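Asks:
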Amino acid sequence: MSAASSANAGAPAGKDGSTIPVLVITALILAAWYAACLPMNSNLPQLHNAAGDLMARYQIAWALERPVLPAPHQILIELYNATVNTALFRQTSDGMVLNPRNLSFHAWVTLSATLLGFVIGSVLGIAIAVGIVHSRTLSKSLMPWVIVSQTIPILAIAPIIIVALGSIGLTGLVPKSIISAYLCFFPVTIGMVKGLTSPDTMQLDLMRTYNGSAAQTFWKLRWPAAMPFLFASLKVAITISLVGAIVGELPTGAQAGLGARLLSGSYFGQTIQIWAALFYAAMLAALLVVTITAAERATLRVMGARP
Amino acid sequence: MNDMRMDQATPSAGGASPSAIDIRQLSLTFKTNDGPVFALKDVDLKVGAGEFVSFIGPSGCGKTTLLRVIADLETPTGGTIAINGLTPEQARLKRQYGYVFQAPALYPWRTIEKNVMLPLEVFGFSAAERRERAARNLALVNLTGFEQKFPWQLSGGMQQRASIARALSFDPQLLLMDEPFGALDEIVRDKLNEQLLRLWSDTKKTIIFVTHSIPEAVFLSTRIVVMSPRPGRIIDVIDCDLGDKRMLEIRETPEFLKIAHRVREGLRAGHSYDD
Chain A
5 MSAASSANAG APAGKDGSTI PVLVITALIL AAWYAACLPM NSNLPQLHNA AGDLMARYQI
65 AWALERPVLP APHQILIELY NATVNTALFR QTSDGMVLNP RNLSFHAWVT LSATLLGFVI
125 GSVLGIAIAV GIVHSRTLSK SLMPWVIVSQ TIPILAIAPI IIVALGSIGL TGLVPKSIIS
185 AYLCFFPVTI GMVKGLTSPD TMQLDLMRTY NGSAAQTFWK LRWPAAMPFL FASLKVAITI
245 SLVGAIVGEL PTGAQAGLGA RLLSGSYFGQ TIQIWAALFY AAMLAALLVV TITAAERATL
305 RVMGARP
Chain Z
3 MNDMRMDQAT PSAGGASPSA IDIRQLSLTF KTNDGPVFAL KDVDLKVGAG EFVSFIGPSG
63 CGKTTLLRVI ADLETPTGGT IAINGLTPEQ ARLKRQYGYV FQAPALYPWR TIEKNVMLPL
123 EVFGFSAAER RERAARNLAL VNLTGFEQKF PWQLSGGMQQ RASIARALSF DPQLLLMDEP
183 FGALDEIVRD KLNEQLLRLW SDTKKTIIFV THSIPEAVFL STRIVVMSPR PGRIIDVIDC
243 DLGDKRMLEI RETPEFLKIA HRVREGLRAG HSYDD
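This is the structure:
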């Protein structure tokens, strides 16, 4: 959820005068967060038995080792320590490898599954949309399944996919990518069906008067017309692809990945570690959305969109 | 030249002379949930090569439908229609006509030049030929210098001119125009009417022009086909050649007003069925 909700934060702010509102909201959230640290943690022994005035109690609440709710600066310090302050590589008998103590190692494990799943899901989503748009039979037979596929909770189906693929020897990256793809093809299909059918009657009749083939109509009309829809879908797809990769790391007891860090953090009560992984995932999602937004702008500029 | 055109325009007299368009007993009935809609009924019409024929009538009279039948965008349910001796489908496959829609229908992601090149790409013209034809036809509609602009950067009138250049780019003998200037203001429309007339006399194309404006029809046409709705049919065909070199001022002359009056009478007669 945090990955998805951070998607909007990824849009560049400031150009349209939104800097100040964004800062105000951020300040309000931080203030509420800091204020909540005391009541949320007040059942912990350190605070339960602590005497002193409110400020003293708050200072304890903001510096707990295993708080129920850590303070934001604790999370940032943990993030800093787990990335910049930890060696990214380490020497092994095989040579230099990524250091599993560094959070960026885990982020990369998750990111690689996310990107592979995103590519598979997007290609699949576009292929299904093309089929649905061009064939009435496919439109009738496939569309209900596309929708049903998304009614199954991913948490229920993820372990099945992991176990099933594991039994045929596929582990690690591929099963996670497939869970990502399973989630992210859906918005691409829905968006592209809408996009590929977006040309109006006149634009289509025009191609008919030229006796344009189905392929020509597709490449010269439907595909370019669908571009804005495609990018809108891809922005949704990339964030839920990340969610899919993290979910794929949960049921297997994976040793690496942001999902694994979330899980091990919860086993050992390392709330700060959980939050740090969450923050990292959110930043990753923001980065991915910003990347797609940049690709969108570049593409649409070439296609003559109004600035 | 004018005489020659007039000869071709009246093939029934000569018998063997080929018509650009020959429509006989044409009917088109749409089946809807509310019962059949008689869009066209028993339409007979001959159009000679080089003529400028306008279809005029109230909305719902089937004038656009008739144009779409000629373009093979609708299939008639009765009667025959021949375009240069071919069926509409054959004519479409042989790319014998250019079609100009009510809206410019330019593809917004293509520059003006690329829009004009669209049919040429579909037909497989070489890149050099595409460029040359785009330049020539954009010059014909006074859009030289706007090649690299995108449609939204042009006014409505310029966009419609670009769409005319696109329809002319592959040099079809027949130009089908469906209320091309209907969405434009009066001043732009007058200007485009003059330009279209000049273009027609320069290129010797056969033009079928759908409109609901009486002055536009009288000013442009060599013949006016007055149509009436429910069922869509032809109620009058008016000869109307005001000479090759006519300017907008001709609209003040008695001849012009006389023809306009006859068109208006025809439209009124058709309308009385409604009330």
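First to last, the protein sequences are chains A and Z.
Here the first sequence stands for residues 5 to 311, where the numbers follow the working numbering.
Here the second sequence stands for residues 3 to 277, where the numbers follow the working numbering.
Ideal Cβ positions, reconstructed from N, Cα and C, are used throughout, including at glycine.
Computed from a predicted model, the values in this text were never measured in an experiment.
(1) Kindly say whether residue 201/A, judged by its beta-carbon, lies nearer than 8 angstroms to any beta-carbon of chain Z.
(2) Quick check on the burial criterion: 16 or more other C-beta atoms within 10 angstroms. Buried or exposed for residue 310/A?
(3) Less than 8 angstroms between C-beta atoms, sequence neighbours within five positions excluded: which residues of the same chain meet that for residue 88/Z?
(4) Do you know offhand how far residue 4/Z's Cα is from residue 48/Z's?
(5) Check whether the Cβ atoms of residue 252/A and residue 203/A lie closer than 8 angstroms to each other.
(6) Can you list, in chain order, the residues of the stretch 116-142 of chain Z whose Cβ is nearer than 9 angstroms to any Cβ on chain A?
(7) Pick from 210/A, 271/A, 295/A: whose alpha carbon is nearest that of residue 243/A?
(8) Going along chain Z, which residues have a C-beta under 8 angstroms from residue 224/A?
(9) How about the stretch 107-126 of chain Z and the stretch 136-147 of chain Z: do they share at least three Cβ pairs that are nearer than 8 angstroms?
(10) Check the DSSP bridge columns for residue 58/Z and list the partner residues they point to.
(11) In chain order, what residues of the same chain have a beta carbon less than 7 angstroms from the beta carbon of residue 283/A, not counting five sequence neighbours either side?
(12) So, with DSSP's three-state summary, where would you put residue 14/Z?
(13) For residue 277/Z, count neighbouring Cβ atoms within 10 angstroms of its own Cβ and tell me buried if that reaches 16, exposed if not.
(14) On the DSSP letters alone, give me the boundaries of the beta strand (DSSP E) that residue 93/A sits inside.
(15) Which term fits residue 161/Z, buried or exposed, when burial requires 16 or more other beta carbons within 10 angstroms of its beta carbon?
(16) What is the DSSP secondary structure of residue 75/Z, reduced to helix, strand or coil?
(17) Taking Cβ-Cβ distances below 7 angstroms as the criterion, which residues of the stretch 151-181 of chain A are in contact with chain Z?
(18) Per DSSP, which one or two residues make a beta bridge with residue 100/Z?
(19) Consult DSSP for residue 36/Z and reduce its assignment to one of helix, strand or coil.
(20) Taking 8 angstroms as the CB-CB cut-off, is residue 66/Z touching chain A?
(21) Taking 8 angstroms as the CB-CB limit, is residue 234/A close to chain Z?
(22) In this structure, does DSSP put residue 112/Z in helix, strand or coil?
(23) Would you identify the three-state DSSP class for residue 203/Z, choosing helix, strand or coil?
(24) Rounded to whole angstroms, what is the Cα-Cα separation between residue 181/Z and residue 124/A?
(25) Three or more C-beta pairs closer than 8 angstroms, one from the stretch 62-71 of chain A and one from the stretch 273-283 of chain A: is that the case here?
(26) Suppose the cutoff is 8 angstroms on Cβ atoms and the five residues either side in sequence are ignored; what does the same chain contact list for residue 167/Z look like?
(27) Alpha carbon to alpha carbon, what distance is there between residue 292/A and residue 302/A?
(28) Is residue 238/A close to chain Z, meaning its C-beta is less than 8 angstroms from at least one C-beta of that chain?
(29) What are the start and end residues of the beta strand (DSSP E) that includes residue 84/Z?
(30) Compare the C-alpha of residue 242/Z against each of 250/Z, 265/Z, 236/Z, 229/Z and name the closest.
(31) Residues in the stretch 189-216 of chain A with C-beta within 7 angstroms of chain Z's C-beta atoms, listed in sequence order?
(32) For residue 45/Z, which beta-bridge partners are listed by DSSP?
(33) Using 8 angstroms for Cβ pairs, my map puts residue 118/A next to residue 246/A. What's the rounded Cβ distance?
(34) Hey, quick one: how far does the beta strand (DSSP E) through residue 236/Z stretch, first residue to last?
(35) Could you tell me whether the Cβ of residue 105/Z comes closer than 8 angstroms to any Cβ of chain A?
(36) According to the neighbour-count rule (16 or more other Cβ atoms, all chains shown, within 10 Å of its Cβ), is residue 132/Z buried or exposed?
Replies: Put simply:
(1) Sequence index remark: in the first sequence, residue 201/A carries index 197 (1-based). It does not: the Cβ of residue 201/A has no partner Cβ on chain Z nearer than 8 angstroms.
(2) Here residue 310/A is taken as the residue at index 306 of the first sequence, counted from 1. Exposed, because fewer than 16 other Cβ atoms sit within 10 Å of the Cβ of residue 310/A.
(3) Within the second sequence, the letter at position 86 stands for residue 88/Z. Taken in chain order, the residues that qualify are 96, 98.
(4) In the second sequence, the residue the question calls residue 4/Z occupies position 2. In the second sequence, the residue the question calls residue 48/Z occupies position 46. At residue 4/Z the pLDDT is 42, less than 50, meaning the model places this residue with poor confidence and gives no usable figure here.
(5) Here residue 252/A refers to the residue found at position 248 when the first sequence is read from its first residue. Here residue 203/A refers to the residue found at position 199 when the first sequence is read from its first residue. Contact: no.
(6) 120, 121, 123, 124, 125
(7) The residue given as residue 243/A occupies position 239 in the first sequence. Minimum Cα distance to residue 243/A is reached at 295/A.
(8) Against the first sequence, residue 224/A aligns to sequence position 220. Simply 109, 120, 123, 124.
(9) yes
(10) For the purposes of this step, residue 58/Z is taken as the residue at position 56 of the second sequence. According to DSSP, which records beta bridges pairwise, residue 58/Z is partnered with 213/Z, 228/Z.
(11) As a position in the first sequence, residue 283/A is number 279, starting the count at 1. These residues qualify, in order along the chain: 79, 83.
(12) Walking along the second sequence from the start, residue 14/Z turns up at place 12. Low confidence applies to residue 14/Z: its pLDDT is 40, below 50, so where it sits in the model is not reliable enough to give any reading.
(13) As a working mapping, residue 277/Z is identified with position 275 in the second sequence. A caution first: residue 277/Z carries a pLDDT of 45, below 50, which makes its placement in the model unreliable, though a value can still be read off. When all chains shown are included, residue 277/Z counts as exposed.
(14) Here residue 93/A refers to the residue found at position 89 when the first sequence is read from its first residue. Counting along the chain, the beta strand (DSSP E) containing residue 93/A begins and ends at 93-96.
(15) Looking up residue 161/Z in the second sequence gives position 159. That one is buried.
(16) In the second sequence, the residue the question calls residue 75/Z occupies position 73. Three-state DSSP puts residue 75/Z in coil, outside helix and strand.
(17) none
(18) As a working mapping, residue 100/Z is identified with position 98 in the second sequence. According to DSSP, residue 100/Z bridges with 177/Z.
(19) Along the second sequence, read from residue 1 onward, the residue named residue 36/Z stands at position 34. Correct three-state label for residue 36/Z: coil.
(20) Counted from its first residue, the second sequence places residue 66/Z at position 64. Not an interface residue.
(21) For the purposes of this step, residue 234/A is taken as the residue at position 230 of the first sequence. Closer than 8 angstroms: no.
(22) Start at 1 with the first residue of the second sequence, and residue 112/Z comes out as number 110. In the structure shown, residue 112/Z sits in coil (DSSP, three-state: anything other than H, G, I, E or B).
(23) Sequence index remark: in the second sequence, residue 203/Z carries index 201 (1-based). Note: residue 203/Z maps to helix in three-state DSSP.
(24) Taking the second sequence and counting its residues from 1, the one referred to as residue 181/Z is at position 179. Taking the first sequence and counting its residues from 1, the one referred to as residue 124/A is at position 120. Each residue's alpha carbon lies about 47 angstroms from the other.
(25) yes
(26) The sequence position of residue 167/Z within the second sequence is 165, counting from 1. So the qualifying residues of the chain are 118, 136, 139, 140, 142, 143, 145.
(27) Working through the first sequence from its first residue, we reach residue 302/A at position 298. Working through the first sequence from its first residue, we reach residue 292/A at position 288. Roughly 16 angstroms between the two C-alpha positions.
(28) Your numbering for residue 238/A matches position 234 in the first sequence. Answer no: the Cβ-Cβ gap between residue 238/A and chain Z never drops below 8 angstroms.
(29) Within the second sequence, numbered from 1, the residue matching residue 84/Z stands at position 82. Counting along the chain, the beta strand (DSSP E) containing residue 84/Z begins and ends at 80-85.
(30) Locating residue 242/Z in the second sequence gives position 240, counting from the first residue. The shortest C-alpha separation from residue 242/Z is found at 265/Z.
(31) 206, 207, 209, 210, 212, 213, 214, 215, 216
(32) For this step, residue 45/Z is matched to residue 43 along the second sequence. Note: residue 45/Z sits in a beta bridge opposite 28/Z.
(33) Locating residue 118/A in the first sequence gives position 114, where the first residue counts as 1. Locating residue 246/A in the first sequence gives position 242, where the first residue counts as 1. 5 angstroms between Cβ atoms; contact.
(34) For the purposes of this step, residue 236/Z is identified with residue 234 of the second sequence, where counting begins at 1. Run containing residue 236/Z: 235-241, per the beta strand (DSSP E) assignment.
(35) For the purposes of this step, residue 105/Z is taken as residue 103 along the second sequence, with counting starting at 1. It does: the Cβ of residue 105/Z has a partner Cβ on chain A nearer than 8 angstroms.
(36) Within the second sequence, numbered from 1, the residue matching residue 132/Z stands at position 130. Counting Cβ neighbours within 10 Å, residue 132/Z comes out buried, since at least 16 surround it.
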